[in-house]
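Worksheet: one structure, shown below.
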């Protein structure tokens, strides 16, 4: 099938008296601090809390091999300080790493969030209970690129995402030549109560944004992870071909 766009919304009220605020994103791309890690000279617990003395500025996303440290193949650290909007206080907050080259360990305010092992995998960490309000937060990433063929560094986007208790975690789309489109939606409910939700799905043409199929599906969202498949049919789909890509 020819390339189509997808508009997906979770329009839900787990507690009808409390309207959803939706999803907010804050990019952490741009200037970060960077420093190589000297062999055996530091404790990870120290550098996880604050930038190293003498750390210099680098750009994210990028590989450090491209500019900051062209010939370096060891371990290095990244730091980024950020504050959060007051409006996010009632929402869940996660940090998304869209790609880190090298075996990486991520920290927030000195607390380990987790490990990133693949440079091509999007990883997210729930930081709701770790963030500080009304003061700066320090995000630190230790990257070991000694065995990385790609090089080293935070080479894809980093962003903070605030969402409601019920939110969309992941989406997978499968389309057939006969016009049927299956959208697998992974939802998460971080509350302790089951609630009703509606998934609004709109399939649009990639070139014109014209709607070619849409649906509104009711789902029950229990605490934790939930998965549902939404099926739509596109009439007279315009199929991809070398002559009409």
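Residue numbers (my numbering): -2 to 242.
Glycine included, C-beta positions come from ideal geometry on N, C-alpha and C.
What you are looking at is a predicted structure, and each value in this text was computed from that prediction instead of being measured.
query                                                                                                                        : result
Distance CB(residue 149)-CB(residue 61) smaller than 7 Å                                                                     : yes
Alpha-carbon to alpha-carbon, residue 155 and residue 98                                                                     : 13 Å
Length at least 4, wholly inside the stretch 95 to 181: the alpha helix (DSSP H) runs in chain order                         : none
Nearest-angstrom beta carbon gap, residue 179 and residue 198 [assumed within contact, 8 Å]                                  : Not a contact, Cβ separation roughly 11 Å.
With 16 other Cβ atoms within 10 Å as the buried cut-off, status of residue 215                                              : exposed
For residue 72: DSSP bridge partner residues                                                                                 : 141
Member of 222, 81, 202 whose CA lies at the smallest distance from the CA of residue 131                                     : 81
Residues of its chain near residue 111, where Cβ-Cβ distance is below 8 Å and the 5 sequence neighbours each way are ignored : 102, 103, 120, 122
Per-residue burial, residue 137 [other beta carbons within 10 Å of its own, 16 or more giving buried]                        : buried
Meets three-Cβ-pair contact criterion under 8 Å: the stretch 138 to 145 and the stretch 163 to 171                           : no
Between the CA atoms of residue 114 and residue 30 - distance to the nearest angstrom                                        : 22 Å
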